[in-house]
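Participant: Line order of the protein sequences matches chains A and B. Quick note on the working numbering: the first sequence kicks off at 3 and runs consecutively. Quick note on the working numbering: the second sequence kicks off at 3 and runs consecutively. Take this structure, written in structure tokens, and hold onto it; I'll ask about it next.
2 protein chains.
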Amino acid sequence: MKEINLVEKVKSKKLKVTPQRVAILEAIYMLDNHPTAENIIQYIGKNYPNIAVGTVYKVLESFVDNGLLNRVKTENDVMRYDPMVENHHHLYCCESDKIENFEDPELDHLIAEHFRKKKIKNFKIKDIKLQITGIFKNK
Amino acid sequence: MKEINLVEKVKSKKLKVTPQRVAILEAIYMLDNHPTAENIIQYIGKNYPNIAVGTVYKVLESFVDNGLLNRVKTENDVMRYDPMVENHHHLYCCESDKIENFEDPELDHLIAEHFRKKKIKNFKIKDIKLQITGIFKNK
DNA sequence: TTCTTATATAAGAATTATTCTCTTTTAAGA
DNA sequence: TCTTAAAAGAGAATAATTCTTATATAAGAA
Numbered sequence: 003m004k005e006i007n008l009v010e011k012v013k014s015k016k017l018k019v020t021p022q023r024v025a026i027l028e029a030i031y032m033l034d035n036h037p038t039a040e041n042i043i044q045y046i047g048k049n050y051p052n053i054a055v056g057t058v059y060k061v062l063e064s065f066v067d068n069g070l071l072n073r074v075k076t077e078n079d080v081m082r083y084d085p086m087v088e089n090h091h092h093l094y095c096c097e098s099d100k101i102e103n104f105e106d107p108e109l110d111h112l113i114a115e116h117f118r119k120k121k122i123k124n125f126k127i128k129d130i131k132l133q134i135t136g137i138f139k140n141k
Numbered sequence: 003m004k005e006i007n008l009v010e011k012v013k014s015k016k017l018k019v020t021p022q023r024v025a026i027l028e029a030i031y032m033l034d035n036h037p038t039a040e041n042i043i044q045y046i047g048k049n050y051p052n053i054a055v056g057t058v059y060k061v062l063e064s065f066v067d068n069g070l071l072n073r074v075k076t077e078n079d080v081m082r083y084d085p086m087v088e089n090h091h092h093l094y095c096c097e098s099d100k101i102e103n104f105e106d107p108e109l110d111h112l113i114a115e116h117f118r119k120k121k122i123k124n125f126k127i128k129d130i131k132l133q134i135t136g137i138f139k140n141k
């Protein structure tokens with residue numbers, strides 16, 4: 003992703019455009035496996051060795067609050083970040099920490115139809131996410 | 003759940019039956035909202051004020067390893083435990099920390115059929131879990 | 001029943017991810 | 001260029017979980 007787009011993304015949320023924010027957003031797009039805060043710190047450490055850990059967490063928080071990122075739940079207690087904010091599901095590898103995004107509007111429709119016909123008692127659905135666990139092949 | 007069943011559950015996995023293990027398993031069944039380690043410690047603290055925190059975590063780990071419990075992912079970084087080990091989904095309340103189990107074999111079938119006809123490229127599915135977020139009504 | 005031993009527990013230190021505090025710096029509008 | 005609210009830096013604080021080591025105990029063997 004070009005620098006200019008990163009800046010635009012930050013600007014579009016009325017956040018101050020700082021080099022740290024641009025570097026962190028870039029790292030997330032480059033790393034492309036739903037990185038942890040630590041992954042990000044390591045990645046930007048090459049050009050930016052003095053960034054404060056607290057800053058990274060604060061920037062990530064502001065990005066999540068402003069809809070530039072989503073947090074991704076994982077089995078262990080490390081938070082991971084996803085630059086895809088549109089509705090989608092996740093493929094989890096059961097042999098590694100790989101997570102891939104997954105979209106399937108047809109399936110979404112199927113599930114929505116199912117719940118339209120057969121509501122859950124005493125519960126109003128806001129969102130449905132699939133966690134699909136399995137094994138990635140020949141990659 | 004009766005004491006005897008708890009003991010049997012522990013025994014069935016060839017784990018030593020200790021008062022701590024029985025108390026912890028009982029707490030999980032009694033608390034019934036996918037408790038955290040802390041919830042459990044608080045609950046059993048009434049009759050068992052001296053149980054060590056580390057023990058609770060070790061017992062939970064052994065139960066998970068032996069299929070008596072499952073871990074449940076949450077947004078924040080606290081692990082929760084689920085005594086239902088059969089395949090099922092979760093309803094997450096977006097206004098509180100309530101989590102409820104949800105079973106719908108018809109839906110499972112629908113989804114399985116969908117993926118039988120339309121496979122995911124380069125991915126072999128092992129398990130599919132739905133995280134259904136929403137609001138619990140009149141409860 | 002008593003003995004033996006692998007396993008479990010207690011206690012608290014250590015670790016790890018994350019948040020907080022406070023001071024200094026800076027982006028961006030006036 | 002000036003002003004100021006917001007951001008960054010540095011590192012302490014917190015909170016959940018794991019680890020370490022000495023002691024205790026469940027459960028099978030004798």
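Note that beta-carbon positions come from the ideal geometry of N, C-alpha and C, so glycine has one too. Note that the structure is predicted; figures quoted are calculated from it, not measured.
(1) Hey, residue 134/B and residue 127/A: beta-carbon distance below 8 Å or not?
(2) Alpha carbon to alpha carbon, how far is residue 74/B from residue 39/A? Give it in angstroms, no decimals.
(3) Taking beta-carbon pairs under 8 Å, can you tell me which members of the region 119 to 136 of chain A lie near chain B?
(4) Looking at chain A, is there any beta carbon in it that lies within less than 8 Å of the beta carbon of residue 73/B?
(5) So what does residue 95/A bridge to, in DSSP terms?
(6) Using a Cβ distance threshold of 8 Å, determine whether the region 53 to 64 of chain A contacts the region 114 to 125 of chain A, with at least three qualifying pairs required.
(7) Using the Cα positions of residue 104/A and residue 43/A, report the straight-line distance between them to the nearest angstrom.
(8) If we count Cβ pairs, one from each stretch, closer than 8 Å, do we get three or more for the region 84 to 98 of chain B versus the region 76 to 96 of chain A?
(9) Thinking C-alpha only, which one of 87/A, 131/A, 114/A, 123/A is nearest residue 36/A?
(10) In angstroms, rounded to a whole number, what distance separates the CA positions of residue 132/B and residue 50/B?
(11) By the three-class DSSP mapping on this structure, what secondary structure does residue 127/B have?
(12) On a CA-only basis, which of 123/A, 21/A, 138/A is nearest residue 122/B? Give me that one, please.
(13) What is the DSSP secondary structure of residue 7/B, reduced to helix, strand or coil?
(14) Report the start-end ranges of each beta strand (DSSP E) in the region 24 to 95 of chain A that is 3 residues or longer and not cut off at the edges.
(15) As a quick exercise: from 97/B, 113/B, 85/B, 124/B, pick the residue whose alpha carbon is nearest that of residue 27/B.
(16) Could you check if residue 13/A is buried or exposed, using at least 16 other CB atoms within 10 Å of its CB as the buried criterion?
(17) Please state whether the Cβ-Cβ distance between residue 72/A and residue 17/A is less than 8 Å.
(18) Please state whether DSSP places residue 113/A in a helix, a strand or coil.
(19) Which chain B residues sit within Cβ distance under 8 Å of residue 62/A?
(20) Hey, could you find the ends of the beta strand (DSSP E) residue 101/B is sitting in?
(21) Closer than 9 Å by beta-carbon distance: list the chain A residues that pair up with residue 109/B, in chain order.
(22) For residue 110/A, which of 97/A, 130/A, 7/A, 23/A has the nearest alpha-carbon?
(23) How big is the Cα-Cα spacing for residue 41/A and residue 62/A?
(24) Restricting to Cα atoms, I'd like to know which of 29/A, 81/A, 70/A, 125/A is closest to residue 99/A.
(25) Name the chain B residues whose beta carbon is nearer than 8 Å to that of residue 77/A?
(26) Using 8 Å as the limit for Cβ to Cβ distance, is residue 65/A near chain B?
(27) When you compare the CB positions of residue 170/B and residue 83/B, do they come within less than 8 Å of one another, or not?
Facilitator: A quick look at the data gives this:
(1) yes
(2) 22 Å
(3) 120, 122, 124, 125, 126, 127, 128, 129, 130, 131, 132, 133, 134, 135, 136
(4) yes
(5) 136/A
(6) no
(7) 26 Å
(8) no
(9) 87/A
(10) 36 Å
(11) strand
(12) 138/A
(13) helix
(14) 72 to 74, 82 to 84, 91 to 95
(15) 85/B
(16) exposed
(17) no
(18) helix
(19) Simply none; closest approach about 14 Å.
(20) 101 to 104
(21) 113, 116, 117, 120
(22) 130/A
(23) 13 Å
(24) 81/A
(25) 73, 75
(26) no
(27) This structure cannot speak to residue 170/B, because chain B is shown only from 3 to 141.
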